[in-house]
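**Student:** To convert, take the position in the sequence shown, counting from 1, and add 254; that gives my numbering. Beta carbons are placed, not taken as given, at the ideal position from N, Cα and C, and that holds for glycine. Submitted below is the structure of interest, expressed as structure tokens.
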Amino acid sequence: MLHWIASTARAAVAAMDNLYRTGQMAGSRKLCYSLDHHSTAASAAVYIASVFQLFQANGVDPDEFSISKALTVAANFGAMPEGRKLHALIVKRNLPMDVAATNSLINFYCKCGSIVDARNVFDEMPERDVFSWTVLVSGYALKGRVAEALDLFQSMPRRNIVSWNAIITGHQRGGFDDKAIELFVGMMREGESPNYLTFLAVIKAYTARQLLLGGKGVHCFVVKSAWVQDVLVGSTVVDMYAKCGDMLDAQEAFNEIPEKNAISWSILLTGFAQNGMMVEAERIFCELPVKSVIVWNVLIVGFVQNGVQHRAFGFLVEMFKNGVYPNSCTLTSLLSGCSSLQYRKEGKIVHSIALKLGLESDTSVCNSMITMYGEQGNIDDARHIFNTMNRHDIITWTAMLSAHVANYDVKQACDIFNRMPDKNLISWNTMMFGYLQEMRNSTCFDDEAIKFFYGMERSEVKPDHFSYNCALTACSCVGALDQAMAIHCRALRRGFESDIGVGNALITTYGKCGSLQEAEVVFKNISKPDMISWNTMLSAYSQNGQGKKALDFYDEMRRSRVELNHLTFISLLSACSYTGEVKRGQEYFHIMEKDYGMIPTKEHFTCMVDLLGRAGFLSEAEAVIRAMPIQPDAAVWGALLGACKIHNDPIIGSKAAEEIFMLEPDNSAAHVAVAETFAAKFMWEDVEKVRIAMKEKGLMKEPGCSWIDIKNVKHMFLSGDNSHLQKDSIYESLYQLYSNMIEEDNKNTNFGLFWLIVRLVFVFHY
255 MLHWIASTAR
265 AAVAAMDNLY
275 RTGQMAGSRK
285 LCYSLDHHST
295 AASAAVYIAS
305 VFQLFQANGV
315 DPDEFSISKA
325 LTVAANFGAM
335 PEGRKLHALI
345 VKRNLPMDVA
355 ATNSLINFYC
365 KCGSIVDARN
375 VFDEMPERDV
385 FSWTVLVSGY
395 ALKGRVAEAL
405 DLFQSMPRRN
415 IVSWNAIITG
425 HQRGGFDDKA
435 IELFVGMMRE
445 GESPNYLTFL
455 AVIKAYTARQ
465 LLLGGKGVHC
475 FVVKSAWVQD
485 VLVGSTVVDM
495 YAKCGDMLDA
505 QEAFNEIPEK
515 NAISWSILLT
525 GFAQNGMMVE
535 AERIFCELPV
545 KSVIVWNVLI
555 VGFVQNGVQH
565 RAFGFLVEMF
575 KNGVYPNSCT
585 LTSLLSGCSS
595 LQYRKEGKIV
605 HSIALKLGLE
615 SDTSVCNSMI
625 TMYGEQGNID
635 DARHIFNTMN
645 RHDIITWTAM
655 LSAHVANYDV
665 KQACDIFNRM
675 PDKNLISWNT
685 MMFGYLQEMR
695 NSTCFDDEAI
705 KFFYGMERSE
715 VKPDHFSYNC
725 ALTACSCVGA
735 LDQAMAIHCR
745 ALRRGFESDI
755 GVGNALITTY
765 GKCGSLQEAE
775 VVFKNISKPD
785 MISWNTMLSA
795 YSQNGQGKKA
805 LDFYDEMRRS
815 RVELNHLTFI
825 SLLSACSYTG
835 EVKRGQEYFH
845 IMEKDYGMIP
855 TKEHFTCMVD
865 LLGRAGFLSE
875 AEAVIRAMPI
885 QPDAAVWGAL
895 LGACKIHNDP
905 IIGSKAAEEI
915 FMLEPDNSAA
925 HVAVAETFAA
935 KFMWEDVEKV
945 RIAMKEKGLM
955 KEPGCSWIDI
965 KNVKHMFLSG
975 DNSHLQKDSI
985 YESLYQLYSN
995 MIEEDNKNTN
1005 FGLFWLIVRL
1015 VFVFHY
């Protein structure tokens, strides 16, 4: 009868009034308790107002119990205005407030998000109990203010399991997993026995930190405390083992759960799928007593993530056969697996299923379709879906932006970016990557990516490590050393100096800009350089013609037991080419396969041809190409042709050119190179034949081009061009360098640099 009466607030208050008037206070309080479980937020507000009208009608003030109960109702239903009015009434009429009632007031403010008011009430309390401290600690923790929660917790004269749980859970939920673990250890040392809430929080903390050994220790505590019988605790243990990659123990922990539910089954299934153990995942799936759409989705997602799309689509068919209809999660998972052209047909099928199920208006499904069509290169279908959507969220805009970038349409991408109502880190980074991509794939030397980076810094969205990588790579593309240094300073101020990715990008940029000293400083400041760091520094030495330093650095890599890869040997072979150490280069080429089991790629063969060709071993270089186990491309033959040009060998050079023309008939650089080789031997008839062939094909010699960025001004130099405004001072500096080199002892003279300067003087002056 009481529960029925309590279904509305006014009925409850009327019943309380009747009980109160007849002196049945116990019944009145019992009815008051029942309201907590049967009210809505609106009726809670009515209840609070009606209770105090009841007391006023009877000419008495509410007691501590009534105040406490009213505040609890206000807290549970977030009735902030009514709770504040009640607090004001308490102060105005100086109503009695014991510790329990005051605790309810603190709890009200904490749950309604006003932690400042909660702290003020706490500070004014003449007397506090353990609940007073605990409720405020919980309030700080729930608001993410864990530092203040910890200060208050450490000031507590006495703690109980509730306060320990509040501080541990608060740190774990706030991402401070190490501190949560530390607090758990402190709790155990103080002799407090953990309960299921403690175990849930600390196991999640160990999971987040991937600390399997410590997690196993907590699992032992769970077993000893008998909380292993709890399905929620047991499922959390299974989740820990699964996310740490230990599926054997995950299965054993799962077997220990006496009464498994859908969550525990789903966690085990997800664990096998995420660890790539799809056979075991299928086994668990078959054992499931009830197969909801959620577990079907887990299996389908697992197949997609492990690259077994045909099995994912097979289970989609099985879903329909079993009368289970896919939802938006099913379709988005399948669409993510259809990004390549190989699965274009399957992607269209999923699109049609979305239409039949009425999910074509689902934003997440549409976003996935835009992404899929964009990655397939089908920009028209992506744009059609975008234009027909009723609502665009930030993911929709970013997906369309990414589609244009993936299809090298930076102009349209920029239009989308400018139209975006909100921009996040991903959209800024995607646009910056688009500009960078355009720089790499064209002869355009614009620095839009760098400008865009500075625009991002001025916005509300701050750059991350990927942003810095893009900006630094853009600097290396245009030789903007000053800009690279400026961005380096910004990275230091933002605390990215410890990011290994940013460090590697800095080494690459300084290396490509010719500033080896800066590259060396960055490398030495990386606390734990990875394989990329070592290879990048080795490549920097090699690219800058510092062959001896590169080879010495390789020896240091060996001493440091750095893992070598294909890039390591490309840099080594290039270094040997610069130093002319043919024998050493041949040794590296052979040990790469013999000692390290690496199959040489076209890039390695190109380096070997360049090494032999530079040293004048042209026949040997040709023999290397002829013996290649893979089809040589134009780059390999181009290396031989370049060597023939250096050593004036028109016979082998013409053979190399013929091979290039078969692969790339319109390769103008090869035509020019072979013509210059003929000209060096005064073979003018052959030169004329090449010239006529170029004319017939409509080919023109592309002038050599180099550039440098000085104080944010780009200086570009074309072969044969002497139009630079500062040409006189440039010539003067070149002549001065030439004179200084003449004065040096011949043994110490770098003849390669000597002839470079002579050629530069000739190019610019004549």
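(1) Compare the Cα-Cα distances from M532 to each of W519, V558, V547 and E751 and report the closest residue.
(2) Exposed or buried, which one is F376 when buried takes at least 16 other CB atoms within 10 Å?
(3) Rounded to whole angstroms, what is the Cα-Cα separation between E436 and S590?
(4) I need the straight-line Cα distance from V555 to L588, nearest angstrom please.
(5) Given a threshold of 16 other Cβ atoms within 10 Å of its Cβ, counted over all protein chains shown, does T625 qualify as buried or as exposed?
(6) What's the gap between the Cα of V357 and the Cα of S392?
(7) Out of N819, G867 and M846, state which residue places its alpha-carbon closest to the alpha-carbon of G834.
(8) Using a Cβ-Cβ cutoff of less than 7 Å, which residues in the same chain neighbour A667 once the five nearest sequence positions on both sides are dropped?
(9) Using a Cβ-Cβ cutoff of less than 7 Å, which residues in the same chain neighbour I649 once the five nearest sequence positions on both sides are dropped?
(10) By the three-class DSSP mapping on this structure, what secondary structure does I633 have?
(11) Ordered along the chain, which non-local residues of its own chain (more than five positions away) have a Cβ less than 6 Å from that of G428?
(12) With 16 as the cutoff for other CB atoms within 10 Å, does K478 come out buried or exposed?
(13) Cα separation between V385 and F407?
(14) Can you tell me whether I421 is helix, strand or coil according to DSSP?
(15) Could you have a look at P411 and say whether DSSP puts it in helix, strand or coil?
(16) Which ranges would you report for the alpha helix (DSSP H) in the region 896 to 920 if only whole runs of at least 4 residues count?
(17) Along the chain, where does the alpha helix (DSSP H) that runs through E600 open and close?
(18) Look at the alpha carbon of S417 and the alpha carbon of H425, and state the distance between them as a whole number of angstroms.
(19) Which residues mark the beginning and the end of the alpha helix (DSSP H) in which M334 is found?
(20) Would you say V492 and G525 are within 8 Å of each other, going by their C-beta atoms?
(21) Once you ignore the five residues that flank V604 on each side, which residues in its own chain have a CB closer than 7 Å to its CB?
(22) Any idea if F859 is buried or exposed, counting beta-carbon neighbours within 10 angstroms, 16 or more meaning buried?
(23) Would you check if the region 797 to 808 and the region 776 to 784 touch, i.e. whether three or more CB-CB distances between them fall below 8 Å?
(24) DSSP three-state call for L979: helix, strand or coil?
(25) Check each candidate in F750, W651 and D616 and name the one with the smallest Cα separation from K677.
(26) Anyone know if the C-beta pair for L895 and V926 falls short of 8 Å?
(27) Please state whether the Cβ-Cβ distance between C767 and G801 is less than 8 Å.
(28) Which class does I853 belong to by DSSP, given the choice of helix, strand or coil?
(29) With a threshold of 16 other CB atoms inside 10 Å of the CB of M270, please say whether the residue is buried or exposed.
(30) Taking just the CA atoms, how far does M693 sit from A740?
(31) Are the Cβ atoms of S787 and I754 separated by less than 8 Å?
(32) From the DSSP output, in three-state form, read off E817 for me.
(33) Identify the continuous alpha helix (DSSP H) that holds D371 and give its terminal residues.
(34) Judging by CA-CA distance, which residue of N449, E444 and V456 is the nearest neighbour of D431?
(35) Determine, using beta carbons only, whether E614 and A608 come nearer to each other than 8 Å.
(36) Measure the C-alpha to C-alpha separation of F319 and A328 and round it to an integer number of angstroms.
**Tutor:** Per the coordinate set shown:
(1) V558
(2) buried
(3) When only Cα atoms are considered, E436 and S590 end up about 40 Å apart.
(4) 7 Å
(5) buried
(6) For the sequence presented, residue 357 should be read as Asn rather than Val. Approximately 12 Å between the Cα atoms of the pair.
(7) G867
(8) L655, H658, V659, M685 and G688
(9) N621
(10) It is helical.
(11) G398 and V400
(12) exposed
(13) Reading off the sequence, residue 385 comes out as Phe, not Val. Here the alpha carbons of F407 and F385 stand approximately 12 Å from one another.
(14) helix
(15) coil
(16) 904 to 917
(17) R598 to K610
(18) 13 Å
(19) M334 to R347 is the span of the alpha helix (DSSP H), which, as asked, contains M334.
(20) Cβ atoms of V492 and G525: closer than 8 Å.
(21) L585, L588, L589 and C592
(22) The residue is buried, with at least 16 neighbouring Cβ atoms inside 10 Å.
(23) no
(24) coil
(25) W651
(26) no
(27) no
(28) Coil.
(29) For M270, the predicted model reports a pLDDT of 47, less than 50, meaning its position is unreliable and no value from the coordinates is stated.
(30) A740 and M693 have their C-alpha atoms some 20 Å from each other.
(31) yes
(32) coil
(33) I369 to D377
(34) V456
(35) Annotated as proximal: E614 and A608, with beta-carbon spacing under 8 Å.
(36) In this model, F319 and A328 are separated by some 14 Å (Cα to Cα).
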